Each structure stands twice: as C-alpha cells, then as structure tokens.
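To keep things clear, I will list the structure first and then write my remarks on it.
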Amino acid sequence: MATAPSALLIKPQLLEKAHELASELQRRNRRIVFAESCTAGWLPALLSTIPGISESLCGSAVVYREGTKQHWLDISSTDLADPAIGVVSAEVAAAMARHVLNRTSEADLAVSITGHLGPNAPPALDGVVYIGLAERASVGDQDVRTLRYQLAGTTASGESLRWTRQQQAIELVLQMALDALCSSSGNDQR
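Residues 0 to 189 in numbering that gives the first Met the number 0 are what the sequence shown spells out, letter by letter.
Next comes the structure, spelled out in structure tokens:
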C-alpha cells in the first residue's frame, strides 16, 4: 500500500498566490468557480483559508472520475473514450471550464484542470495537466482557452511525486486565474 504524505504541508508560495488571487478577485469585484479533477478540491480549500473569500469564491465541482465528469458537467462520453482526445486533453479541460461556468450564473470566471499526476499514468501522459479558463465576457458569451503543462518528475525530500505534482498544478491554476484577471481591462464592476 502506498503511503500518503506524512504531513500535507502547503508550501508558503501557494498561500501567497492564493492571497494574490483573492485580493485581485475582490479588487475587481469578480467571482470564480473551479472544475477540478487531479487537484481534487484543493483550490477552494486553499482559498477558503482567506477571510472574506465567500464574496469571490463560488465553489468547485470535483469531478475526479470520468462518469462524474459526464454526469455533473455533461462532458462528452465520446470525447472521453476517443484515444485521440481522452480525459487528459485540451478539449476536456475547455469543456469542464465552459460547463461549470454555465452552471454557475454568479461566476465571471471558471478554471478547470485535468491531468495524470502519476505514478501509474501512461508514459505519454505522466505529469501532463491541461488547464482551461472560461470568462463570461457578456451575457451568453464566453472566451475559453487552455494550456498544457508537463509537471516535474522529481520530488522534494520526503514528498511523494503525486503530492509534489499536485502542488505544482495548484500553483499553475492559481497563476492562470490571476493572469486572466490582471489582463482584464479596468475594474469589472457588476
């Protein structure tokens, strides 16, 4: 049996990044929702440590399994089963972000993540994550973009590879959301 990390200590830079995102969301009067697979709920858990975040954090759909992605977010079973697309893909990350934003009317921004963190991932997908970001530009209009990342294959002393990669993925999602907010023009007041 594999052992869990002895202490799931959150790296200080993740807390700092979460605070930056929370500040930017509050400053711009924006709200965010997540659709998570490989980060398994860590994004809202981390943000929820920040007082006042309930003004900006709508929640997260943790859709770890393929069936949950299909039932909760209407992710295409055809895409999931297609070897050319599959669960770890730009198409699925985009669909996750789009669908969670459609289901969360109070959110302005949705960020999704899907990936294989290992250690038992297929070699071509080991450490690969896709992050999707959807913004509600205007009523019924969305801008969706995706990015692919290859996470490091090494760990810090005493950490599991999976936990190391999970923290890398969390930081990438927080940064992508922060970059999207900072590239928006002005204060997007409701």
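The beta carbon of each residue, even a glycine, is placed where N, CA and C say it ideally should be.
Note that the structure is predicted; figures quoted are calculated from it, not measured.
Rounded straight-line distance, which links the Cα of residue j to that of residue i
i: T145; j: V172; result: 11 Å
i: I52; j: R135; result: 20 Å
i: R147; j: V127; result: 7 Å
i: A106; j: A93; result: 16 Å
i: L14; j: L45; result: 7 Å
i: D178; j: W71; result: 27 Å
i: T38; j: I169; result: 7 Å
i: V99; j: S76; result: 17 Å
i: A133; j: A120; result: 27 Å
i: G131; j: R26; result: 23 Å
i: S59; j: L108; result: 12 Å
i: A80; j: V86; result: 8 Å
i: K68; j: R97; result: 12 Å
i: V143; j: S182; result: 14 Å
Supposed close pair residue i, residue j - CB separation, criterion 8 Å
i: R30; j: L180; result: Contact doesn't hold; Cβ gap of about 11 Å is too wide.
i: A260; j: M95; result: Missing from the structure shown is residue 260; the chain here goes from 0 to 189 and no further.
Cβ neighbours of residue i in the same chain (closer than 8 Å, five flanking residues each side left out)
i: S88; result: D78, T113 and Y129
Sequence-distant residues of its chain with Cβ nearer than 7 Å to residue i (five each side left out)
i: R161; result: L116, G117 and P118
i: A21; result: L46, I49, I52 and S55
i: Q149; result: G126 and V127
i: E65; result: L79 and V86
Nearest neighbour of residue i, chosen from the options [CA to CA]
i: H41; options: Q25, D125, A17 and T67; result: The question names His, but residue 41 in the sequence shown is Trp. Here the closest residue by C-alpha is A17.
i: G152; options: E90, A133 and Q165; result: Q165
i: V32; options: S111, A123, L150 and T154; result: S111
i: L8; options: S159, A176 and Q69; result: S159
i: S36; options: P43, E23 and V61; result: V61
i: N101; options: D73, E19 and K10; result: D73
One or two residues paired with residue i in a DSSP bridge
i: A60; result: A34
Same chain only: Cβ atoms within 6 Å of residue i, ignoring 5 sequence neighbours per side
i: E90; result: D78 and I84
i: Q167; result: L150
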